[in-house]
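Peer 1: For the protein sequence lines, the chains are A and B, in the order given.
With the numbering used here applied, the first sequence corresponds to residues 97 to 542, in that order.
With the numbering used here applied, the second sequence corresponds to residues 5 to 280, in that order.
Before anything else, here's the structure in question.
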Amino acid sequence: MHNRDSHFVKKFGVFSQYMLPTSLVLVIAISLAFTWLIWTNPAHFNKSMNENTTATGPTQLSARVITDIYAPTQIIYTDASQNQKLLFDQKINVVNEVIKDIQPWHFNKIKQIENVTTKKYGQILNQKNTLIMNYPDSISGEILNDTFNQRLSISSKVQFNRVIVPLNSKLDKIYLLNDNDFTVYEISVKGASTRILHTIEQVKTAIPVVEILYHKHVLLIYPEDIMLKQYSYLQNRQSQHLFLTNLFNNGSNGDVKTRKTVETTTYEEGNDRRIVFDNKTGIVDYQNFNGSKSNVNLNNSLHQGFNDLLAIGVPLDNMRYFETNGTENSFVYRTYVEGFPIFNQTRYGAVKLSYETPGTEHATFSQYSLQVPLPNNQPMIKLDASPTVLRQLVSAGISVNKVQDMQIGYEWQTDPSTDMVVNLRPVWYIEIDNKWQRLEQWLQKG
Amino acid sequence: MDFKRIQWIFLLIFVAIDVFLGLQWYQGIQFNTVDTVGSTSVLKEMQGDDISFKKPSNKVGEGFYIAGQYSQAFMSQAGIMLKGTSTTYDNDTGTLTAELSINKRFKLNLDNPQRTLDHFIREPENVFHGQDYVYSEELSRMTRHQIVYVQVVPSGKIYDNSGEVHFNIDSDGYVSSYTQTYVSSPKILREKTPTISEEKALTWLYQYNQIPNNTTILWTKLAYTKLLDVNDTTVYVPTWFFGLRTNNNEEIHVKRINAFTGTIIKDTPQKVNINK
Chain A
97 MHNRDSHFVK KFGVFSQYML PTSLVLVIAI SLAFTWLIWT NPAHFNKSMN
147 ENTTATGPTQ LSARVITDIY APTQIIYTDA SQNQKLLFDQ KINVVNEVIK
197 DIQPWHFNKI KQIENVTTKK YGQILNQKNT LIMNYPDSIS GEILNDTFNQ
247 RLSISSKVQF NRVIVPLNSK LDKIYLLNDN DFTVYEISVK GASTRILHTI
297 EQVKTAIPVV EILYHKHVLL IYPEDIMLKQ YSYLQNRQSQ HLFLTNLFNN
347 GSNGDVKTRK TVETTTYEEG NDRRIVFDNK TGIVDYQNFN GSKSNVNLNN
397 SLHQGFNDLL AIGVPLDNMR YFETNGTENS FVYRTYVEGF PIFNQTRYGA
447 VKLSYETPGT EHATFSQYSL QVPLPNNQPM IKLDASPTVL RQLVSAGISV
497 NKVQDMQIGY EWQTDPSTDM VVNLRPVWYI EIDNKWQRLE QWLQKG
Chain B
5 MDFKRIQWIF LLIFVAIDVF LGLQWYQGIQ FNTVDTVGST SVLKEMQGDD
55 ISFKKPSNKV GEGFYIAGQY SQAFMSQAGI MLKGTSTTYD NDTGTLTAEL
105 SINKRFKLNL DNPQRTLDHF IREPENVFHG QDYVYSEELS RMTRHQIVYV
155 QVVPSGKIYD NSGEVHFNID SDGYVSSYTQ TYVSSPKILR EKTPTISEEK
205 ALTWLYQYNQ IPNNTTILWT KLAYTKLLDV NDTTVYVPTW FFGLRTNNNE
255 EIHVKRINAF TGTIIKDTPQ KVNINK
């Protein structure tokens, strides 16, 4: 080493005196740059999570991608006189069309709007001449980028559950709104085209609605009675074997203990993994005490949630992210029909994932799922307007400020004549104390 | 001098660290695009198995679940409307067979059969509701003596023997008869939903071991096919069709992938009876 050094010094003379320290500084700078790149690249977090799930998961052949699950479920149009309408059309998928219209736009810069009061929040939400895209619960900025094909740099702090697109002639900005803490972000936009206006004009059905701030909750109010269709679906039952292969390391052939009673069948692999099947209802309860915990922020949790859905192997057709709890360690996914969520597929939704204690994963889901829509001739059902519903709650002794949310949903009922068919009936669902129940259930209690 | 030596050692160590970090970072980026890499590597593997195909599109499509019925009343009307033909109707299969009288037969240019047949099929006295059908080059190439027209429904075509017209060509090249099936009053069952892309469908078909080595994929098509029968209604689903020919064989095989779920479509659709 010493000889070689002196050889270099001789050869380059004074030049090498600067050469060596400069290149040293350079390589140190490069290593710092790489370190920064690696630390800021979320893919590295996902990688470790994904390794965990692929080890247990079977095929990664999924017809659905992450942006299908974390997609908006409602599009509301506010016209020039501030009337709001929920847009729906069977022949065109309004949500998808609007996303496709926005994808070629260029999102330029994001900034938080300071000093947003509740009143101001309400004004931004109800601006004239806008389009509101509603998500059932807050999602991360990275999902926004994925959904709309953007490369906007967004802090991982940013969460939102509404995208507002002002439809004035400029089309030069959009807003992200978060109902949980009333934050508003403004994104400047370039290259927007007016195709989005044509899409809106095409839509056939527009149900009058009002977004109102109500005791610190934003409620979507239906001021008039609504007629909604009933649906029937062929029911699909996934086998216990499938879930064992998907969720246990060695599938069902390994060292698995089985316990069977009249109500439940329990499988255990080692001390770490356990699956309990309810023999009657088809509800599955999976626990893994050896999971990985790397959910440093909402975005990572949402990714982990999607990977876990893939690993479990439930069909993701029409599955949407529905809500998280306050501490963001429990996530509920529901099946949607024509923009409305389905309740009581299980007590918690289609799938509930919890990561309550570090290192444990807990999933509740059902062996049953919707397969193929069937023709049916059942009559449409009339649902009361929201004010009527609220009045009923009050007269049953339930104070309105206890109502966290109210939504029209579809109730899952197995057909009385054949267990192959599920009927979906529209009803009002009310959330009180973090619990979703049918309106009549609350009324009986009250 | 000692300081210089330390600098050299540091330089070498940091170069090594840079290489390591660089590799880490590169792998991270690779992971980000794992989906496309996945499909591309499967496509490469397919080429390695001597499967030839045109580069599939990775764009997702859209489609509906559609319900339709055989209508017997409809077909009995057909007999009255048509002229110069003798018709028989098979109740079980819902198929109308029309034999053309001698002076109604006509010669067909088999290179461009649709030029003549497009005019023929549109005349109500030739084919009942003939304007609902369009020429299918792919299906017509399947057998030599048949030209196939398929029925058009909202947002697509039906590639299924329940919505087709087959023209039979006799040995002299004349159109002698045809068989017709018709899906009446097709209804949309659910809002428009995205389908999987052609690329996904093709790579999955391969991963299900449905494409033998040495095969040419002649054509690809997104169209409706029968998924199940419920009482007297049929449910149709958007389907990716692949026309395959093994290189030492003349016969063309059609493989089908459900474009909503990505599963293989069985040859005999499921039957469901609901008591209402």
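Using N, Cα and C, we set each Cβ at its ideal position, and we do this for glycine too.
Only counting runs of 3 or more residues, tell me where the beta strand (DSSP E) segments fall wholly within the region 455 to 527 of chain A, in order along the chain.
Peer 2: Taking only runs of at least 3 residues, the beta strand (DSSP E) segments lying wholly in the region 455 to 527 of chain A are 457 to 462, 464 to 470, 477 to 479 and 499 to 510.
Peer 1: I want to see whether chain A comes within less than 9 Å of Glu168 (chain B), judged by CB atoms only; does it?
Peer 2: Not closer than 9 Å to any Cβ of chain A, the Cβ of Glu168 (chain B) fails to qualify, so no.
Peer 1: Just checking my contact of Leu209 (chain B) with Ile261 (chain B) at CB under 8 Å: how many whole Å lie between their CB atoms?
Peer 2: Confirmed, Cβ separation roughly 6 Å.
Peer 1: Residues in the region 422 to 434 of chain A with C-beta within 7 Å of chain B's C-beta atoms, listed in sequence order?
Peer 2: Cβ contacts with chain B come from Glu434.
Peer 1: Among residues of its own chain, excluding the 5 on either side of Asn36 (chain B), which ones have a beta-carbon nearer than 8 Å to its beta-carbon?
Peer 2: Caution is warranted here: a pLDDT of 45 is assigned to Asn36 (chain B), below 50, making its placement in the model unreliable, and no coordinate value can be reported.
Peer 1: Using a C-beta cutoff of 9 Å, does Leu183 (chain A) count as contacting chain B?
Peer 2: So, not an interface residue.
Peer 1: What's the C-alpha gap between Gln155 (chain B) and Asp122 (chain B)?
Peer 2: About 13 Å.
Peer 1: Sorted by chain position, which residues of the same chain lie with C-beta nearer than 6 Å to Phe124 (chain B)'s C-beta, five sequence neighbours on each side aside?
Peer 2: Cβ neighbours of Phe124 (chain B) beyond the five flanking positions: Asn130.
Peer 1: Compute the Euclidean distance between the alpha carbons of Gly435 (chain A) and Thr362 (chain A), then round it to the nearest angstrom.
Peer 2: Looking at the two C-alpha atoms, the distance is approximately 36 Å.
Peer 1: Going along chain B in order, which residues have a C-beta closer than 9 Å to the C-beta of Lys187 (chain A)?
Peer 2: By Cβ distance, chain B contributes Phe68, Pro158, Ser159, Ile192, Glu195 and Lys196.
Peer 1: Report all residues from its chain with a CB closer than 6 Å to the CB of Asn217 (chain B); omit the five preceding and five following residues, and keep chain order.
Peer 2: Within the same chain, Asn217 (chain B) has close Cβ partners Asp53 and Asp54.
Peer 1: Residues of chain B with CB closer than 7 Å to the CB of Thr131 (chain A), please, in chain order.
Peer 2: Result: Leu25.
Peer 1: Take Leu263 (chain A) and list the residues in its own chain whose beta-carbon comes closer than 7 Å to its own, dropping the five residues that flank it on each side.
Peer 2: For Leu263 (chain A), where only same-chain residues beyond five positions count, the Cβ hits under 7 Å are Asn225, Thr226, Leu227 and Leu293.
Peer 1: Apart from the five residues on each side of it in sequence, which residues of its chain come closer than 8 Å, Cβ to Cβ, to Asp368 (chain A)?
Peer 2: Cβ neighbours of Asp368 (chain A) beyond the five flanking positions: Asn384, Phe385 and Asn386.
Peer 1: Measuring CB atoms only, is the region 95 to 104 of chain B touching the region 181 to 190 of chain B, in the sense that at least three cross pairs come out at less than 8 Å?
Peer 2: Yes, they touch.
Peer 1: In terms of DSSP beta bridges, what is Val372 (chain A) paired with?
Peer 2: According to DSSP, Val372 (chain A) bridges with A:Thr362 and A:Asp381.
Peer 1: For Leu576 (chain A), decide whether its Cβ has a neighbour in chain B, counting only Cβ atoms nearer than 9 Å.
Peer 2: The shown model of chain A, from 97 to 542, leaves out residue 576 (chain A), and the question about it has no answer.
Peer 1: Can the beta-carbon of Arg430 (chain A) be found less than 9 Å from the beta-carbon of Gly409 (chain A)?
Peer 2: No. Outside cutoff.
Peer 1: I want to verify the contact list: residues of chain A whose CB lies under 7 Å from the CB of Thr237 (chain B), in sequence order.
Peer 2: Within chain A, the residues near Thr237 (chain B) are Pro471.
Peer 1: Whether or not the region 230 to 244 of chain B and the region 108 to 122 of chain B are in contact is what I'm after, with contact meaning three or more pairs of Cβ atoms, one per stretch, closer than 8 Å; do they touch?
Peer 2: Too few Cβ pairs lie closer than 8 Å, so no.
Peer 1: Taking 8 Å as the cut-off, does the region 284 to 292 of chain A touch the region 189 to 197 of chain A (at least 3 CB pairs, one atom from each stretch)?
Peer 2: Yes, the region 189 to 197 of chain A touches the region 284 to 292 of chain A.
Peer 1: Can the beta-carbon of Leu236 (chain A) be found less than 9 Å from the beta-carbon of Leu398 (chain A)?
Peer 2: Correcting the residue type first, residue 236 (chain A) is Ser in the shown sequence and not Leu. Yes, they are a contact pair.
Peer 1: For Glu452 (chain A), is the classification buried or exposed, using 16 other Cβ atoms within 10 angstroms of its Cβ as the cut-off for buried?
Peer 2: That one is exposed.
Peer 1: Cutting at 6 Å between CB atoms, please list the residues of its own chain near Pro190 (chain B), excluding the five before and the five after it.
Peer 2: So the list reads Ile70, Gly72 and Val157, once near-sequence residues are dropped.
Peer 1: Output the boundary residues of the alpha helix (DSSP H) element that contains His123 (chain B).
Peer 2: Note, His123 (chain B): alpha helix (DSSP H), Pro117 to Arg126.
Peer 1: Find out if the Cβ-Cβ distance for the pair Lys300 (chain A), Gln180 (chain A) is shorter than 9 Å.
Peer 2: It is not a contact, given that the beta carbons lie outside the stated cut-off.
Peer 1: Among the candidates A:Trp538, A:Asn342, A:Lys312 and A:Leu183, whose CA atom is the shortest distance from the CA of Val490 (chain A)?
Peer 2: Of the candidates A:Trp538, A:Asn342, A:Lys312 and A:Leu183, the one whose C-alpha sits nearest the C-alpha of Val490 (chain A) is A:Trp538.
Peer 1: Here's the rule I'm using: 16 or more other beta-carbon atoms within 10 Å means buried, otherwise exposed. How should Asp501 (chain A) be labelled?
Peer 2: By the 10 Å Cβ count, Asp501 (chain A) comes out buried.
Peer 1: Using CA coordinates, which residue listed in A:Tyr310, A:Glu320 and A:Val280 is at the minimum distance from Lys498 (chain A)?
Peer 2: With distances taken between Cα atoms, Lys498 (chain A) lies closest to A:Tyr310.
Peer 1: Could you name the residues of the same chain whose beta carbon sits closer than 8 Å to that of Ile504 (chain A), not counting the 5 residues immediately before and after it, in chain order?
Peer 2: For Ile504 (chain A), where only same-chain residues beyond five positions count, the Cβ hits under 8 Å are Tyr318, Ile322, Leu324, Phe436, Leu479, Pro522, Val523, Trp524 and Tyr525.
Peer 1: Where DSSP assigns a beta bridge to Val258 (chain B), which residues make up the other side?
Peer 2: Answer by DSSP bridge pairing, in chain order: B:Gly247.
Peer 1: Who are the near neighbours of Ile209 (chain A) in its chain, counting only those whose CB is closer than 6 Å to its CB and skipping five residues on each side?
Peer 2: Closer than 6 Å at the Cβ level, and outside the excluded window around Ile209 (chain A), lie Val280 and Glu282.
Peer 1: Three-state secondary structure (DSSP) at Leu133 (chain A)?
Peer 2: It is helical.
Peer 1: Quick one, are the C-beta atoms of Gly378 (chain A) and Ser462 (chain A) less than 9 Å apart?
Peer 2: Contact flag set, yes.
Peer 1: Does DSSP put Met146 (chain B) in a helix, in a strand, or in coil?
Peer 2: Met146 (chain B) falls in the coil class under three-state DSSP.
Peer 1: Since Val468 (chain A) and Leu330 (chain A) should fall inside the 8 Å C-beta cutoff, what is the C-beta to C-beta distance between them, to a whole number of angstroms?
Peer 2: Val468 (chain A) to Leu330 (chain A), Cβ: 5 Å. Contact.
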